[in-house]
Amino acid sequence: MALSIRQIHPVFVGEVSGVDLRRKLSPDDIAAIDDGMDRYAVLVFHDQDISDEQQIAFSRNFGEIENSAGGTVTKPQEKRLNPLMNDVSNLGRDHKPLARNDRTRLFNLGNQLWHSDSSFRAVPAKYSILSGRIVVDKGGNTEFADMRAAYDALAEEMRAVVEPLVCEHSLMYSRGLLGFPEFTEEERAMFRPVRQSLVRTHPRSGRKSLYLSSHAGTIVGWPMPEARAFLRDLNEEATRPENVYVHKWRRFDLVMWDNRQTMNRVRRFDEAQVRDMRRTTVAGDAPTVEQEAA
Ligand code: OGA
Ligand code: MN
Numbered sequence: 008m009a010l011s012i013r014q015i016h017p018v019f020v021g022e023v024s025g026v027d028l029r030r031k032l033s034p035d036d037i038a039a040i041d042d043g044m045d046r047y048a049v050l051v052f053h054d055q056d057i058s059d060e061q062q063i064a065f066s067r068n069f070g071e072i073e074n075s076a077g078g079t080v081t082k083p084q085e086k087r088l089n090p091l092m093n094d095v096s097n098l099g100r101d102h103k104p105l106a107r108n109d110r111t112r113l114f115n116l117g118n119q120l121w122h123s124d125s126s127f128r129a130v131p132a133k134y135s136i137l138s139g140r141i142v143v144d145k146g147g148n149t150e151f152a153d154m155r156a157a158y159d160a161l162a163e164e165m166r167a168v169v170e171p172l173v174c175e176h177s178l179m180y181s182r183g184l185l186g187f188p189e190f191t192e193e194e195r196a197m198f199r200p201v202r203q204s205l206v207r208t209h210p211r212s213g214r215k216s217l218y219l220s221s222h223a224g225t226i227v228g229w230p231m232p233e234a235r236a237f238l239r240d241l242n243e244e245a246t247r248p249e250n251v252y253v254h255k256w257r258r259f260d261l262v263m264w265d266n267r268q269t270m271n272r273v274r275r276f277d278e279a280q281v282r283d284m285r286r287t288t289v290a291g292d293a294p295t296v297e298q299e300a301a
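Each residue of the sequence shown is one higher than the one before, starting from 8 at the first, in the working numbering.
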């Protein structure tokens, strides 16, 4: 059965069929997925009952895997999964839903804000690959916004304004929006802001996109309140419904997205239920602007 991709949203997003991600892929299949990512920015695969090892092997077809260290307040000994996996479930090591006030849970609520994964890293992520091992039947949708469409929709004068801008991104900014209480000295050092261009050009398609994220807390050279008001406005425009795809999970769906061209967020669900979502992240290859080493 040959791999094929069908567009399932008016603006972006492809649904892939004819491939079993548990197996080693042929070079043609890898190339087809790469081309599909360039074009659709989000790809959906159904019925992929894969293990962590198989997910890691699949992810490595597209580049190096980003280590999850530095992206969370969860201590290594409290982690449920291998450091090559990002645990975006609502579960602790005992596989039970985290308590309401658990710090890891409160931190993870930041995923409900529109963001691009790892924009808080000096070299931000290329792809994210999310596997729904146990899904909930109500709520818990993951949403995606096409940031190329967001750029395309800007008026000419606004394109000229955003083009040279550089933002500072940090997990402290996104969590600050939620009033997340107190970071330790160590966390403050780990989460120190990095710089990212506000406009990115895709290396293969040449399309421009708006590189927004809830982690973006200020614009270099701007007063902070002005920067925040401006970014808020851009975010509002960028995530208007016609540019958003809502993914309703079926068990063993695997969704892959390009963080250089999209934002994502998860929606609320009943956290008494188990939602076991596991993400691998393919590292990007360069910073978006020159900066001091992280
Ligand atoms: C992510 C994320 C999505 C989800 O994995 O990058 O933001 O559905 N969470 O939990
Ligand atoms: Mn995310």
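Idealized CB from N, CA, C, for every residue including glycine.
Bear in mind that the values here come from a model prediction, so they are computed numbers and not experimental data.
Closest to residue i by CA distance: which of the options is it?
| i | options | result |
| --- | --- | --- |
| Arg199 | Val142, Phe127 and Arg155 | Phe127 |
| Gln84 | Asn115, Arg100 and Gly78 | Arg100 |
| Lys145 | Ala279, Ala196 and Ala162 | Ala279 |
| Asn118 | Phe52, Ser33, Glu194 and Asn148 | Asn148 |
| Gln55 | Phe69, Asp41, Arg30 and Arg67 | Arg30 |
| Ser24 | Ser11, Val18 and Arg107 | Ser11 |
| Ala245 | Phe190, Ile57, Lys255 and Tyr218 | Tyr218 |
| Val142 | Glu192, Ala39, Gly77 and His254 | His254 |
| Asp124 | Val95, Ala160 and Arg140 | Val95 |
| Phe52 | Leu98, Val26, Glu150 and Asn93 | Val26 |
| Val49 | Phe151, Asn97 and Met231 | Phe151 |
| Ala9 | Phe19, Pro34 and Val20 | Pro34 |
| His122 | His16, Glu243 and Ile40 | Glu243 |
| Arg285 | Leu241, Arg239 and Asn89 | Asn89 |
| Asn271 | Gly77, Ser220 and His16 | Ser220 |
| His209 | Arg140, Leu184, Asp41 and Thr79 | Asp41 |
| Asp277 | Arg87, Asn93, Arg107 and His102 | Arg107 |
| Arg195 | Arg13, Pro17, Thr79 and Ser66 | Thr79 |
| Arg110 | Phe65, Ile15 and Leu185 | Leu185 |
| Ile72 | Arg87, Lys82 and Asn93 | Asn93 |
Determine which residues share a DSSP beta bridge with residue i and list them.
| i | result |
| --- | --- |
| Arg13 | Glu22 |
| Asp260 | Note: Asp260 sits in no beta bridge, so no partner. |
| Val273 | Thr149 |
| Arg207 | Ser216 |
| Asp265 | Tyr134 |
| Pro104 | Leu98 |
| Leu50 | Gly21 and Met263 |
Report, in whole angstroms, the separation of the C-beta atoms of residue i and residue j, which I expect to be a contact under 8 angstroms.
| i | j | result |
| --- | --- | --- |
| Ala223 | Tyr180 | 7 angstroms |
| Gln61 | Leu113 | That pair is no contact at about 31 angstroms. |
| Pro104 | Val281 | 6 angstroms |
| Leu91 | Ile57 | Leu91 to Ile57, Cβ: 14 angstroms. No contact. |
| Asn68 | Ile37 | 5 angstroms |
Would you give the residue range spanned by the beta strand (DSSP E) that residue i belongs to?
| i | result |
| --- | --- |
| Ile37 | Per DSSP, Ile37 belongs to no beta strand (DSSP E); it is in the alpha helix (DSSP H), Pro34 to Tyr47. |
| Asp240 | From DSSP, Asp240 is part of no beta strand (DSSP E) but of the alpha helix (DSSP H) over Met231 to Ala245. |
| Glu175 | Val173 to His176 |
| Leu113 | That residue, Leu113, is in no beta strand (DSSP E); its alpha helix (DSSP H) goes Arg110 to Asn115. |
| Met284 | Asp283 to Ala290 |
| Arg195 | Arg195 -> not in any beta strand (DSSP E); alpha helix (DSSP H) instead, spanning Glu192 to Met197. |
| Ile226 | Ala223 to Ile226 |
| Val251 | Val251 to His254 |
Locate the alpha helix (DSSP H) running through residue i, then write down its first and last residues.
| i | result |
| --- | --- |
| Gln61 | Asp59 to Ser66 |
| Ala162 | Where Ala162 is concerned, there is no enclosing alpha helix (DSSP H), given that its DSSP letter is neither H nor E. |
| Arg211 | Counting along the chain, Arg211 falls outside any alpha helix (DSSP H), and DSSP gives it neither H nor E. |
Measuring only from the beta carbon, is residue i closer than 7 angstroms to any heavy atom that is part of the ligand MG?
| i | result |
| --- | --- |
| Asn271 | As for the ligand MG, it is missing from this structure, which binds only the ligand OGA and the ligand MN. |
Would you be able to state if there are at least three C-beta pairs under 8 angstroms between the region 119-134 and the region 286-297? Result yes; three or more Cβ-Cβ pairs closer than 8 angstroms.
Is the region 243-253 in contact with the region 142-157, if contact means three or more CB pairs nearer than 8 angstroms? Per the Cβ contact rule, the region 243-253 is in contact with the region 142-157 (3 or more Cβ pairs under 8 angstroms).
Are there three or more Cβ pairs, one per stretch, closer than 8 angstroms when the region 42-51 is compared with the region 204-214? Contact between the region 42-51 and the region 204-214 is present, because at least three Cβ pairs lie under 8 angstroms.
Is the number of C-beta pairs between the region 192-209 and the region 253-260 that are closer than 8 angstroms three or more? No, they do not touch.
Are at least three pairs of beta-carbons, each pair with one atom in the region 133-143 and one in the region 171-187, less than 8 angstroms apart? The region 133-143, when compared against the region 171-187, does not touch it at the 8 angstroms Cβ threshold.
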